[in-house]
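Undergrad: Structure below; questions to follow.
In my numbering, the protein residues as written are 1097 to 1158.
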(Lines of atoms letter the chains of each structure in order from A and count residues from 1; the text may use other names and numbers.)
(Lines give C-alpha, C1' and ligand atoms only; values in the text may rest on other atoms or scores of the structure.)
Protein backbone atom coordinates (compact mmCIF):
# COMPACT_ATOMS: atom_id res chain seq x y z
CA UNK A 1 0.00 0.00 0.00
CA UNK A 2 1.32 3.41 -0.96
CA UNK A 3 1.30 6.06 1.76
CA UNK A 4 1.30 9.84 1.51
CA UNK A 5 0.04 12.27 -1.06
CA UNK A 6 1.67 13.96 -4.02
CA UNK A 7 1.12 17.72 -3.86
CA UNK A 8 0.51 19.61 -7.10
CA UNK A 9 0.62 23.42 -7.17
CA UNK A 10 -1.29 25.36 -9.80
CA UNK A 11 0.53 28.31 -11.37
CA UNK A 12 -2.12 30.57 -9.84
CA UNK A 13 -1.47 29.23 -6.32
CA UNK A 14 2.32 29.60 -6.71
CA UNK A 15 1.97 33.21 -7.87
CA UNK A 16 -0.33 34.05 -4.95
CA UNK A 17 2.04 32.37 -2.51
CA UNK A 18 5.02 34.31 -3.88
CA UNK A 19 3.16 37.63 -3.69
CA UNK A 20 1.95 36.94 -0.15
CA UNK A 21 5.40 35.94 1.10
CA UNK A 22 6.99 39.05 -0.43
CA UNK A 23 4.37 41.28 1.16
CA UNK A 24 4.75 39.69 4.59
CA UNK A 25 8.54 39.87 4.43
CA UNK A 26 8.40 43.57 3.58
CA UNK A 27 5.64 44.78 5.89
CA UNK A 28 5.19 42.40 8.81
CA UNK A 29 7.83 41.16 11.24
CA UNK A 30 5.32 38.64 12.67
CA UNK A 31 3.28 35.88 11.09
CA UNK A 32 -0.10 36.78 9.60
CA UNK A 33 -2.73 34.26 8.60
CA UNK A 34 -3.66 33.23 5.09
CA UNK A 35 -6.19 30.81 3.70
CA UNK A 36 -5.07 27.92 1.52
CA UNK A 37 -7.57 26.29 -0.82
CA UNK A 38 -6.89 22.75 -1.94
CA UNK A 39 -8.59 19.63 -3.19
CA UNK A 40 -7.78 15.97 -2.82
CA UNK A 41 -8.01 13.88 -5.97
CA UNK A 42 -7.03 10.22 -5.79
CA UNK A 43 -3.63 10.23 -4.05
CA UNK A 44 -2.84 13.90 -4.78
CA UNK A 45 -3.39 17.09 -2.84
CA UNK A 46 -3.81 19.93 -5.35
CA UNK A 47 -3.00 23.40 -4.01
CA UNK A 48 -5.45 25.71 -5.79
CA UNK A 49 -4.98 29.11 -4.23
CA UNK A 50 -3.58 31.13 -1.35
CA UNK A 51 -5.65 34.07 -0.18
CA UNK A 52 -4.22 36.71 2.09
CA UNK A 53 -6.80 37.48 4.76
CA UNK A 54 -5.77 41.14 4.76
CA UNK A 55 -7.76 41.47 1.51
CA UNK A 56 -11.51 41.88 1.15
CA UNK A 57 -13.18 38.46 0.72
CA UNK A 58 -14.83 39.57 -2.55
CA UNK A 59 -11.36 39.66 -4.15
CA UNK A 60 -10.92 35.93 -3.59
CA UNK A 61 -10.48 33.96 -6.83
CA UNK A 62 -10.32 30.20 -6.87
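All C-beta atoms in this analysis are idealised placements derived from N, C-alpha and C, irrespective of residue type, glycine included.
Name the DSSP beta bridge partners of residue 1117, please?
TA: Beta-bridge pairing links residue 1117 to no other residue.
Undergrad: Rounded to whole angstroms, how far is the Cβ of residue 1104 from the Cβ of residue 1139, which I believe are closer than 8 Å?
TA: Rounded, the Cβ-Cβ distance is 11 Å, inconsistent with contact.
Undergrad: Go ahead and pull the three-state DSSP assignment for residue 1123.
TA: helix
Undergrad: Could you name the residues of the same chain whose beta carbon sits closer than 8 Å to that of residue 1118, not counting the 5 residues immediately before and after it, in chain order?
TA: none
Undergrad: Please name the residue, chosen from 1155, 1136, 1132, that lies closest to residue 1113 on a Cα-to-Cα basis.
TA: 1132
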